[in-house]
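Protein chains in written order, with our numbering: chain A, 1 to 115; chain B, 1001 to 1117.
Heads up, the beta-carbon is just placed ideally off N, CA and C, and yes, glycines get one too.
Below is one structure, written out as structure tokens, with a few remarks after it.
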Amino acid sequence: NAGVTQTPKFQVLKTGQSMTLQCAQDMNHNSMYWYRQDPGMGLRLIYYSASEGTTDKGEVPNGYNVSRLNKREFSLRLESAAPSQTSVYFCASRQNRDWVNQPQHFGDGTRLSIL
Amino acid sequence: AQKITQTQPGMFVQEKEAVTLDCTYDTSDPSYGLFWYKQPSSGEMIFLIYQGSYDQQNATEGRYSLNFQKARKSANLVISASQLGDSAMYFCAMREGLRDSSYKLIFGSGTRLLVRP
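Written as structure tokens, this is what we have:
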């Protein structure tokens, strides 16, 4: 019962380095999401993908790019990491159905520190 | 613009007692949904309960219930018979709109609950 799998779980980068966070789900969900969680704050949406082949900006997209590689995988890329991007990153997925109460299922998070 | 407010940064409750975690929201959309998630110290996000704006009854899920007061725009989480394992961060979140393609969640800042033995 893997659900949503994020890799890596921890990463330390230097300012200016690039990195791709990987996310895969095995629930055949249509929608996938990337959030960041900063200390004392709730999750903020970075990008999302309502279906394979589409991506849209969320609340805080600057400094990030995403790729919906296929239905299972949704990656988040930091092209030139900045200390302000130090955060915990969560990937989530959800099945698109007529019922509005389908919750998002979250991965365990990636703790990213940028020095 | 939609907004979620959780005014209690931290709360204590005695084991076996009930506790209410507050959540107020602001939206101009008549169609919306409210979710509660639990985040233990291990960090994962666990879905607890959902309330739709058109639901006639308050949602319940085991020891969790939602005190939904639409006119006051509040959706408070009630945990009955608290257990030590309930110690965690709790987030209220709202989705706006019924169209599935617009499904995005806005999260509150969370309430940290500590259950005392």
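Near-chain A residues of the segment 1033-1058 of chain B (beta-carbon distance less than 7 Å), N- to C-terminal order
Listed in sequence order: G1033, F1035, G1043, E1044, M1045, F1047, Y1050, G1052.
For chain A, find out if any of its Cβ atoms is closer than 8 Å to the Cβ of S1028 (chain B); answer yes or no.
Judged by the 8 Å Cβ criterion, S1028 (chain B) is not in contact with chain A.
Given K1104 (chain B) as reference, the closest of A:Q17, A:K57, A:F10, A:H29 once Cα atoms are compared
Residue A:K57 is the option with its Cα nearest to K1104 (chain B).
In chain B, which residues lie less than 9 Å from Y48 (chain A) when you measure between Cβ atoms?
Chain B residues near Y48 (chain A): Y1103, K1104.
Throw me the rounded Cβ distance for the L13 (chain A) and L112 (chain A) pair, which I believe falls under 8 Å.
The C-beta distance from L13 (chain A) to L112 (chain A) rounds to 7 Å, short enough to meet the 8 Å contact threshold.
Three CB pairs or more closer than 8 Å across the segment 1071-1082 of chain B and the segment 24-37 of chain A
No: the two stretches stay apart, fewer than three of their Cβ pairs being nearer than 8 Å.
Tell me, please, whether the CB atom of G63 (chain A) is closer than 8 Å to any CB atom in chain B?
It does not; no Cβ of chain B falls within 8 Å.
Using a C-beta to C-beta distance shorter than 9 Å, which residues of chain A count as neighbours of F1068 (chain B)?
Result: empty, since nearest Cβ-Cβ is about 13 Å, beyond 9 Å.
Output needed for E79 (chain A): all residues of its chain with C-beta closer than 7 Å, excluding positions within five of it in sequence on either side, in chain order.
Counting only Cβ-Cβ distances below 7 Å, and skipping sequence neighbours, we find S18, N65.
What is the rounded straight-line gap between the Cα of F1035 (chain B) and the Cα of A50 (chain A)?
Those two C-alpha atoms are separated by around 19 Å.
On the DSSP bridge list, what partners appear for T15 (chain A)?
Looking at the DSSP assignment, T15 (chain A) forms no beta bridge with any residue, so it has no partner.
CB L69 (chain A) to CB E59 (chain A), shorter than 8 Å?
Here L69 (chain A) is not near E59 (chain A), since their CB atoms are 8 Å or more apart.
According to DSSP, residues forming a beta bridge with T20 (chain A):
Paired residue(s): A:R77.
Span of the beta strand (DSSP E) around K1038 (chain B)
That run of the beta strand (DSSP E) goes 1032-1039.
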